[in-house]
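The next block holds one structure in the form of structure tokens; read it before the comments.
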Amino acid sequence: MEYYGYAGNILHVDLNTRQIRREPLDTKVARKFIGGPGIGLKILIDTLKPGIDPLSPENVLVFGTGPLLGTLVPGSGKCYLNTKYSMPASKNGKKYFVSTSMFGSNRFGVMMKNAGYDHIVITGCADKPCYLKVTDEDVEICDAIDIWGKDVYEVGRILRERHRGKTGNCGTWVIGPAGENLVRFSMGWTDDWHNAGRFAGAVSGAKRLKAIVTLGNKGIKIADGKRFTKIVEKKRKEIQSNPNYRATAPLGKGKTGTLLTELMVGIRGCSGGMCACKSIHEIKDGKYKGVWFGGSFPAIPSMLQMQLQLKDYGEAFTLLGRMNSYGLCVVTTLNMMWLVTQQYERGVLSRDDMGGLELKIGDLDYYLALIEKIVHRQDIGAIMAEGWYPLCERLGIDASTDYGTGCAITKGIDLLVDARIWPSLFKQGTGFSPCMGLGSIVHAKAKHTHSATYWASNEISFGDVKRDTEKMGITKEELDRIFTEDYFDTGRLEKYGGDAETVYNLLGTCDTSIHWANDPLRDMPWLAEAYSAATGFDITPRDLLRAGERVFNLEKLLNVREGFNRGDDRIPPVYLQNIETPLPAREGDRYLTDWFGRRLSREDLETMLDTYYEERGWDIQKGVPTKTKLTELELEQFADIVESI
Amino acid sequence: MGKENISTDAEKCTGCMRCQLICSFTYTGAFNPEKSCIVINPPDEICFTDECREGCSLCTRHCEFGAITRLKAG
Numbered sequence: 007m008e009y010y011g012y013a014g015n016i017l018h019v020d021l022n023t024r025q026i027r028r029e030p031l032d033t034k035v036a037r038k039f040i041g042g043p044g045i046g047l048k049i050l051i052d053t054l055k056p057g058i059d060p061l062s063p064e065n066v067l068v069f070g071t072g073p074l075l076g077t078l079v080p081g082s083g084k085c086y087l088n089t090k091y092s093m094p095a096s097k098n099g100k101k102y103f104v105s106t107s108m109f110g111s112n113r114f115g116v117m118m119k120n121a122g123y124d125h126i127v128i129t130g131c132a133d134k135p136c137y138l139k140v141t142d143e144d145v146e147i148c149d150a151i152d153i154w155g156k157d158v159y160e161v162g163r164i165l166r167e168r169h170r171g172k173t174g175n176c177g178t179w180v181i182g183p184a185g186e187n188l189v190r191f192s193m194g195w196t197d198d199w200h201n202a203g204r205f206a207g208a209v210s211g212a213k214r215l216k217a218i219v220t221l222g223n224k225g226i227k228i229a230d231g232k233r234f235t236k237i238v239e240k241k242r243k244e245i246q247s248n249p250n251y252r253a254t255a256p257l258g259k260g261k262t263g264t265l266l267t268e269l270m271v272g273i274r275g276c277s278g279g280m281c282a283c284k285s286i287h288e289i290k291d292g293k294y295k296g297v298w299f300g301g302s303f304p305a306i307p308s309m310l311q312m313q314l315q316l317k318d319y320g321e322a323f324t325l326l327g328r329m330n331s332y333g334l335c336v337v338t339t340l341n342m343m344w345l346v347t348q349q350y351e352r353g354v355l356s357r358d359d360m361g362g363l364e365l366k367i368g369d370l371d372y373y374l375a376l377i378e379k380i381v382h383r384q385d386i387g388a389i390m391a392e393g394w395y396p397l398c399e400r401l402g403i404d405a406s407t408d409y410g411t412g413c414a415i416t417k418g419i420d421l422l423v424d425a426r427i428w429p430s431l432f433k434q435g436t437g438f439s440p441c442m443g444l445g446s447i448v449h450a451k452a453k454h455t456h457s458a459t460y461w462a463s464n465e466i467s468f469g470d471v472k473r474d475t476e477k478m479g480i481t482k483e484e485l486d487r488i489f490t491e492d493y494f495d496t497g498r499l500e501k502y503g504g505d506a507e508t509v510y511n512l513l514g515t516c517d518t519s520i521h522w523a524n525d526p527l528r529d530m531p532w533l534a535e536a537y538s539a540a541t542g543f544d545i546t547p548r549d550l551l552r553a554g555e556r557v558f559n560l561e562k563l564l565n566v567r568e569g570f571n572r573g574d575d576r577i578p579p580v581y582l583q584n585i586e587t588p589l590p591a592r593e594g595d596r597y598l599t600d601w602f603g604r605r606l607s608r609e610d611l612e613t614m615l616d617t618y619y620e621e622r623g624w625d626i627q628k629g630v631p632t633k634t635k636l637t638e639l640e641l642e643q644f645a646d647i648v649e650s651i
Numbered sequence: 006m007g008k009e010n011i012s013t014d015a016e017k018c019t020g021c022m023r024c025q026l027i028c029s030f031t032y033t034g035a036f037n038p039e040k041s042c043i044v045i046n047p048p049d050e051i052c053f054t055d056e057c058r059e060g061c062s063l064c065t066r067h068c069e070f071g072a073i074t075r076l077k078a079g
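As they're listed, the protein sequences go chains A and B. Just so you know, we're using the numbering used here here: the first sequence kicks off at 7 and counts up by one. Just so you know, we're using the numbering used here here: the second sequence kicks off at 6 and counts up by one.
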């Protein structure tokens, strides 16, 4: 059968038996779950045994692409990783969430599809370090003894030299020493510039899988090339003429933005991208001349410098570079190092606990030594490597309450940004992210600020919020339930924001760039038309949004099966407290507010949760889908999951 | 090889591959970077294969970052 948009195959690799199997993509599954995490989560609900240890051979890693990835649709470079993640999400260490990581790519996704595969499913555990080579000619489990232990940048370079294509690099996904040593907040890297799979590096490390290489030239065919080209070109021009369009990521305002601009030596983006959100910065003189940092979140060096009281960007880049090269999540490492340092200073931790490390706040060498302890699991680092719950148990602190750093934790992971601070960095009093705080509470994995929630990075008006919501493809009745003349219901809006954002992921289009650059892509009718033209599977905007809702519910089902319910959608206690940090941008009171600047109490947030579940058609008390909702979404075969709780 | 009507600046290349995508889609009917006529390896290299069509500059129209630009005649 000829496939359009899709590559047409799913690759199954069992590292236990070294069996490699190619399975044609089931078009019924493709039509129902579209692609990306839709198909990835469907594979998991069919194959993942509930209750397993995420670091056991039974866990399943699913790498996925979407049907628009690798085309000229702006921002169509997004790939996905579905698995059971390695961070303990409960005090007893028995609960772990199943979710999606979305990540950018240059060659990885495009070459995966050109090798002939929409998804790669990996099970088992290799008897020795290996990497997977996936090409259109063959699939091979290769020996990785020579690259085991090497950092993410070096491994990427070696593999690209070894498997170079005719017109450029092969695609690469790699883990660093942190993943190999099962540090639970380790992550993968794709094509050198894209963080890929926060909390999944250890899952790969446990399988002794160091990397995946992709390369091929099968070609991604389009069902109706003429129609596809016409609508894509029209959208490209619409984006170019949009006043918000910018080809590079904003580097921030004020002193930090100026400094980052001066130090910028390059930008990188994803395949198909009309805007590049990764930037590379290098220290130009002095002691740290030549030290560089590359990534997608330019505020990180500034966060590092201020939180850890480092002297300058030279030190911040050095520390950041070390975390990245080891394949550690920078944000979790930063938060955890600060907590441990604070507890050391207070005498909760002794010098023996720290392996003789002398406390020196603001000292780069002290922090570098602490990173070594985490990655190599020594002294306090061995406990840190196990995640927030084990660490806080050792320290006698509740992981989900404030410990003085302003870090909110939900389902065992620290949020990438704090909803109390983030909006106020850009607009005093009100935020540009109407649902971010709520989104991070209700999702299976508290994702990026922007993923799976309605998010806008520009200062938008009430009218803009309403316009964006209309463009999600919702009905007038639904719109009327959300909006009054001058107010919107955050809980109800979050439901549709989550579904719409899921649609972007199903297709393989970037949700990030939509928010700050490619606003015209927030257009469900256009996305439905692009999908129809690319694949030949006609779909209405309403049905596409419904597919987003279906997959959102599917992810929830996987987590309900793991024991999650409303009790886990817990409001981080720090969200109810004022944040007290020395950052100039955070001066004054910083309580969690709604989009209109109204301070939120616990009761307000609980009410917000009630309306969110109600709009989702879920059981409000349990916070899980009802059988009626599952039947409506054609997921009735999984109803026993919710009926058993 | 270089092209007379096209200027390249590999340091500006973001690796988006839009040039390779439009090239391969136009001439092979599928999105297939390995069958395009452009070799990219940022920040070191952008060049064209021997199969590159004389006078075609589709890639310049799809580069948003100034890495591949069309030179004005004369």
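Glycine included, each C-beta is placed from N, C-alpha and C at the ideal position. Remember, it's a predicted structure, so these values are computed and weren't measured experimentally.
Checklist entry - Does any residue of chain A bring its CB to less than 7 Å from the CB of residue 41 of chain B? => result For the purposes of this step, residue 41 of chain B is taken as residue 36 along the second sequence, with counting starting at 1. True, the Cβ-Cβ gap to chain A drops below 7 Å.
Item to check | C-beta contact flag for residue 473 of chain A and residue 617 of chain A at 7 Å | outcome: Reading the first sequence from its first residue, position 467 is the one you call residue 473 of chain A. Reading the first sequence from its first residue, position 611 is the one you call residue 617 of chain A. No, they are not a contact pair.
Next on the checklist: Cβ closer than 8 Å: which chain A residues qualify as neighbours of residue 45 of chain B?
Outcome noted: Taking the second sequence and counting its residues from 1, the one referred to as residue 45 of chain B is at position 40. Those are 173, 174, listed as they occur along chain A.
Checklist entry - So which residues on chain B does residue 276 of chain A lean against when the C-beta distance must stay under 7 Å? => result Taking the first residue of the first sequence as 1, we reach residue 276 of chain A at position 270. Within 7 Å Cβ-Cβ: 21.
Next on the checklist: Just verifying my parser: in three-state terms, what is the DSSP assignment at residue 12 of chain A?
Outcome noted: Residue 12 of chain A sits at position 6 when you count from the first residue of the first sequence. Coil.
Checklist entry - Residues in its own chain within less than 8 Å of residue 234 of chain A by CB, not counting five upstream and five downstream? => result Mapped onto the first sequence, residue 234 of chain A falls at position 228. Counting only Cβ-Cβ distances below 8 Å, and skipping sequence neighbours, we find 77, 228, 536, 539, 540.
Item to check | Nonlocal neighbours in the same chain, by C-beta distance under 6 Å from residue 53 of chain A, ignoring five residues either side | outcome: Numbered from 1 along the first sequence, position 47 holds the residue referred to as residue 53 of chain A. Answer for residue 53 of chain A: 66, listed in chain order.
Next on the checklist: In whole angstroms, give me the CA-to-CA distance for residue 152 of chain A and residue 136 of chain A.
Outcome noted: Sequence index remark: in the first sequence, residue 152 of chain A carries index 146 (1-based). Sequence index remark: in the first sequence, residue 136 of chain A carries index 130 (1-based). Those two C-alpha atoms are separated by around 10 Å.
Checklist entry - Quick one: is the Cβ of residue 607 of chain A within less than 6 Å of any heavy atom of the ligand GTP? => result Of ligands this structure carries none, so the ligand GTP is not represented either.
Next on the checklist: Let me check understanding here. Comparing Cα to Cα, which of A/207, A/172, A/13, A/359 lies closest to residue 41 of chain B?
Outcome noted: Looking up residue 41 of chain B in the second sequence gives position 36. The shortest Cα separation from residue 41 of chain B among A/207, A/172, A/13, A/359 belongs to A/172.
Checklist entry - Helix, strand or coil: how does DSSP classify residue 437 of chain A here? => result Here residue 437 of chain A refers to the residue found at position 431 of the first sequence. Unreliable placement is indicated for residue 437 of chain A, whose pLDDT of 44 sits below 50; no coordinate value is reported for it.
Checklist entry - At a Cβ threshold of 7 Å, is residue 69 of chain B touching chain A? => result By 1-based counting over the second sequence, the position of residue 69 of chain B is 64. At least one chain A Cβ lies under 7 Å of residue 69 of chain B.
Item to check | Spatial distance of residue 17 of chain A from residue 219 of chain A (CA atoms) | outcome: Sequence index remark: in the first sequence, residue 17 of chain A carries index 11 (1-based). Sequence index remark: in the first sequence, residue 219 of chain A carries index 213 (1-based). Near 14 Å, if we compare the C-alpha coordinates of residue 219 of chain A and residue 17 of chain A.
Next on the checklist: Please classify residue 313 of chain A as buried or exposed, where buried requires at least 16 other C-beta atoms within 10 Å of its C-beta.
Outcome noted: One-based indexing of the first sequence puts residue 313 of chain A at position 307. Classification of residue 313 of chain A: buried, given that the 10 Å Cβ count is 16 or more.
Checklist entry - What's the C-alpha gap between residue 8 of chain A and residue 58 of chain B? => result By one-based count along the first sequence, residue 8 of chain A stands at place 2. By one-based count along the second sequence, residue 58 of chain B stands at place 53. In a straight line, the C-alpha of residue 8 of chain A is about 29 Å away from that of residue 58 of chain B.
Checklist entry - What is the DSSP secondary structure of residue 49 of chain B, counted as helix, strand or coil? => result Against the second sequence, residue 49 of chain B aligns to sequence position 44. Of the three classes helix, strand and coil, the one that applies to residue 49 of chain B here is coil, per DSSP.
Next on the checklist: Could you compute how far the alpha carbon of residue 205 of chain A sits from the alpha carbon of residue 92 of chain A?
Outcome noted: By 1-based counting over the first sequence, the position of residue 205 of chain A is 199. By 1-based counting over the first sequence, the position of residue 92 of chain A is 86. Spanning the two alpha carbons is a distance of roughly 6 Å.
Item to check | Span separating the alpha-carbon of residue 47 of chain A from that of residue 502 of chain A | outcome: Position 41 of the first sequence holds residue 47 of chain A. Position 496 of the first sequence holds residue 502 of chain A. Each residue's CA atom was taken as its position, placing residue 47 of chain A and residue 502 of chain A some 20 Å apart.
Checklist entry - Is any beta-carbon of chain A found at less than 7 Å from that of residue 65 of chain B? => result Along the second sequence, read from residue 1 onward, the residue named residue 65 of chain B stands at position 60. The beta-carbon of residue 65 of chain B is placed no less than 7 Å from the nearest beta-carbon of chain A.
Item to check | Neighbourhood of residue 376 of chain A by C-beta, 6 Å cutoff - its chain only, sequence neighbours within 5 removed | outcome: The residue given as residue 376 of chain A occupies position 370 in the first sequence. Same-chain partners within the cutoff: 343.
Checklist entry - Buried or exposed: residue 430 of chain A, going by 16 or more other Cβ atoms within 10 Å of its Cβ? => result What you label residue 430 of chain A is simply residue 424 of the first sequence in a count that begins at 1. Bear in mind that a pLDDT of 43 at residue 430 of chain A, under 50, signals an unreliable position, so the model cannot answer this.
Next on the checklist: Which residues of the segment 105-117 of chain A have a Cβ closer than 7 Å to any Cβ of chain B? Give them in chain order.
Outcome noted: 112, 116
Checklist entry - Can at least three beta-carbon pairs, one atom from the segment 112-126 of chain A and one from the segment 258-278 of chain A, be found at a separation below 8 Å? => result With the cut-off at 8 Å, the segment 112-126 of chain A and the segment 258-278 of chain A touch.
Checklist entry - At what residues does the beta strand (DSSP E) containing residue 270 of chain A begin and finish? => result Working through the first sequence from its first residue, we reach residue 270 of chain A at position 264. Its beta strand (DSSP E) spans residues 270-274.
Next on the checklist: Is residue 36 of chain B close to chain A? Criterion is C-beta to C-beta, closer than 7 Å.
Outcome noted: Your numbering for residue 36 of chain B matches position 31 in the second sequence. Yes, because at least one Cβ of chain A sits closer than 7 Å to the Cβ of residue 36 of chain B.
Checklist entry - What whole-angstrom Cβ distance do residue 308 of chain A and residue 262 of chain A have, given they're in contact under 8 Å? => result Working through the first sequence from its first residue, we reach residue 308 of chain A at position 302. Working through the first sequence from its first residue, we reach residue 262 of chain A at position 256. Confirmed, Cβ separation roughly 5 Å.
Checklist entry - Ordered along the chain, which non-local residues of its own chain (more than five positions away) have a Cβ less than 6 Å from that of residue 95 of chain A? => result Taking the first residue of the first sequence as 1, we reach residue 95 of chain A at position 89. Excluding residues within five positions, the ones whose Cβ falls inside 6 Å are 101, 102, 103, 417, 418.
Item to check | Cβ pair count under 8 Å reaching 3, the segment 612-628 of chain A against the segment 13-29 of chain B | outcome: no
Checklist entry - Distance, Cα to Cα, residue 88 of chain A vs residue 107 of chain A? => result Here residue 88 of chain A refers to the residue found at position 82 of the first sequence. Here residue 107 of chain A refers to the residue found at position 101 of the first sequence. Separation of residue 88 of chain A and residue 107 of chain A (C-alpha to C-alpha, rounded to the nearest whole angstrom) is 6 Å.
Checklist entry - When the cut-off is 7 Å and only beta carbons count, does residue 253 of chain A lie next to chain B? => result Within the first sequence, numbered from 1, the residue matching residue 253 of chain A stands at position 247. Yes, its Cβ sits closer than 7 Å to a Cβ of chain B.
Checklist entry - Per DSSP, which one or two residues make a beta bridge with residue 30 of chain A? => result In the first sequence, residue 30 of chain A corresponds to position 24, counting from 1. Bridge partners of residue 30 of chain A: A/15.
Checklist entry - So, is the C-beta of residue 273 of chain A closer than 7 Å to a C-beta in chain B? => result The residue you call residue 273 of chain A lines up with position 267 of the first sequence. Answer yes: the Cβ-Cβ gap between residue 273 of chain A and chain B drops below 7 Å somewhere.
Checklist entry - Just reading off the alpha helix (DSSP H) that residue 114 of chain A is part of, what are its end residues? => result Translated into positions along the first sequence, residue 114 of chain A becomes position 108. Counting along the chain, the unbroken alpha helix (DSSP H) around residue 114 of chain A starts and ends at 114-120.
Checklist entry - Is any beta-carbon of chain B found at less than 7 Å from that of residue 7 of chain A? => result Here residue 7 of chain A is taken as the residue at index 1 of the first sequence, counted from 1. Chain B, which has no Cβ nearer than 7 Å to the Cβ of residue 7 of chain A, makes this no.
Item to check | Pick from A/450, A/596, A/129, A/23 that is closest to residue 585 of chain A, judged by C-alpha positions | outcome: In the first sequence, the residue the question calls residue 585 of chain A occupies position 579. Answer by Cα proximity: A/596.
Checklist entry - Which residues does DSSP pair with residue 25 of chain A in a beta bridge? => result In the first sequence, residue 25 of chain A corresponds to position 19, counting from 1. The partner list for residue 25 of chain A (beta bridge, DSSP) reads A/20.
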